[in-house]
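For the record, the sequence lines run as chains R and C.
Using the working numbering, you'd call the opening residue of the first sequence number 1 and step up by one each time.
Using the working numbering, you'd call the opening residue of the second sequence number 1001 and step up by one each time.
Just so you know, even glycine gets a beta-carbon here, dropped at the ideal spot from N, CA and C.
The structure displayed is predicted, hence computed values, not measured ones.
There are 2 protein chains.
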Amino acid sequence: MADSPKRQARRKIPEATVSRLPIYLRSLLEAAGDGLPTISSERLAELSGFNAAKVRKDLSYLGSYGTRGVGYDVEYLQFQMSRELGLTKDWHVVIAGLGNLGHALANYGGFSERGFPVAALVDADPKVVGTEINGLVVRHVDELPAIVAEEDIAIGIIATPASAAQEVADRMIDAGIRSILNFAPTILTVPPDVSLRKVDLAVELQILSFYQQRRSGDGDGSASSEAAGSPRGG
Amino acid sequence: MADSPKRQARRKIPEATVSRLPIYLRSLLEAAGDGLPTISSERLAELSGFNAAKVRKDLSYLGSYGTRGVGYDVEYLQFQMSRELGLTKDWHVVIAGLGNLGHALANYGGFSERGFPVAALVDADPKVVGTEINGLVVRHVDELPAIVAEEDIAIGIIATPASAAQEVADRMIDAGIRSILNFAPTILTVPPDVSLRKVDLAVELQILSFYQQRRSGDGDGSASSEAAGSPRGG
DNA sequence: CCGCGCTTGTGAGCACGTGAACAAGCGGAA
DNA sequence: TTCCGCTTGTTCACGTGCTCACAAGCGCGG
């Protein structure tokens, strides 16, 4: 039960499903914490906030890891899902831009905990370069290629002002990074072989504002419950 | 040209479209900054990262604000879109939980700039209550109902640990808040008349990890370009 | 006034995601 | 061994969103 011997021909997992896998995984961790040996799709749906049919369909993309009449083995499913998500190893992260947000992200311990240790910090401002944050010395963005190689960086987080974001992204890509999480409020253009996701606080607030406005104006107040993850996304 | 006289019966705007409106608005601001009087759907598509057909269809939900053969009047469209998004007035925000992330959000100036001034801070920790952050004194979460009334709070931001998030959400809703942005890595349950959006950094990283893993493993490296805000999720 | 080029607004077809319903299949009890 | 309840895995129908394609319509030049 340790490893799947013949990893069956990789099915193509829909993007919408992929975006839910981390939620399932978190729910499984919760279930494991409660000491449950197995979990039904219905219970997993409750924990993750989706419906049971969707859960079963999503899990079926990973393989047939359930037992009819019983449910899913929590530990085994957790393992399979971690493997599929690539969480069996740590992915090193670099944060670019150490203003307010970048600073907070650098100090935020949650990344390492979840397998994404912050291995480097870069900035373009000479006044910031050289300062130490949470045990890491900020280096100049020009050093990115060397840093990525030395620290085996896989993921870049952009927390620069919008005006600098595209250039930083280009540099990251030049340096070999293929996964980027963008916090800058601007549209980035990247080659098709680079994964790009974005988190835009202002956009989220404006979407809330839209529904709030409608609610105030007339009687139609339906809005998305648990959206934005995306997809997307969201 | 100042205001729409007979606001035509509010069309139902698809959720996917709503999530793109803020991006269009930002692109319009950019165009306005360049001094362009009008903008074509094609140019707007470039700026916002979508395709022209989608832009036109999205804009058509707001009304027929374009001129065939010419394009859209930048200023006018900007105004209409702001109105639709409810950005003609400020929405006061309360931040709950002043740990690392909450602290950063409280110090982040971008909110007020974009019409979402942070009007109050609350926490449950007696050691935090009473401290001052960015000119605001942190109050106890028990005071929420009074705070919401006094400060006319419309939006709640949850930046607490996951374990406290649901209770804080319940309290916000009791206090009259109907729009919540959740940063805590947990699923919140809210009544159908409450809008809930979530930002989960760990989830975003794990999604990136999935595609990175696939890319390392085999030759299929296609991932979503500009996903997640989204729609759903995405 | 007339015709031409350009851009919007929309209708139709298609792809994707969702939810309900059900057959398949496992485990335990008798 | 056989039966029965339970849960998965999958099929099917539906709704939503996306893209293409094109008619409608505006402004300009002649």
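- Per the coordinates, the alpha-carbon of Gln206(R) lies some 22 Å from the alpha-carbon of Ala1165(C).
- The beta-carbon of Leu1085(C) is placed less than 8 Å from the nearest beta-carbon of chain R.
- A Cβ-Cβ separation of about 5 Å places Val138(R) in contact with Leu121(R) under the 8 Å criterion.
- Annotation: Tyr24(R) has no Cβ neighbours in chain C at a cutoff of 8 Å; minimum Cβ distance is about 11 Å.
- Gly33(R) is outside the set of residues whose beta carbon lies under 8 Å from a beta carbon in chain C.
- Look at the segment 108–128 of chain R: the residues with a C-beta under 7 Å from a C-beta of chain C are Tyr108, Gly110, Arg114, Phe116.
- Listed along chain C, the residues sitting closer than 7 Å to Val18(R) by beta-carbon distance are Ile1207, Phe1210.
- With fewer than 16 other Cβ atoms inside 10 Å of its own Cβ, Asn1134(C) counts as exposed.
- Look at Gly1110(C) here: in three-state DSSP terms it is helix.
- Asp1123(C): member of the beta strand (DSSP E) spanning 1118–1123, first to last residue.
- Only those residues of the segment 1036–1070 of chain C whose C-beta falls short of 8 Å from the nearest C-beta of chain R are listed: Leu1047, Ser1048, Gly1049.
- Assignment of Leu1059(C) by DSSP, reduced to helix, strand and coil, places it in the helix class.
- The continuous beta strand (DSSP E) containing Tyr72(R) extends over residues 71–73.
- For chain R, the residues of the segment 1158–1180 of chain C that bring a beta carbon within less than 7 Å of one of its beta carbons are Arg1178, Ser1179, in chain order.
- For Gly156(R), the uninterrupted beta strand (DSSP E) run begins and ends at 153–158, by DSSP.
- Per the C-alpha coordinates, the member of Asp152(R), Ser163(R), Thr67(R) positioned closest to Arg178(R) is Asp152(R).
- Annotated as distal: Leu1208(C) and Ala1175(C), with beta-carbon spacing of 8 Å or more.
- Note: Glu1132(C) is bridge-paired with Val1137(C) in the DSSP secondary-structure output.
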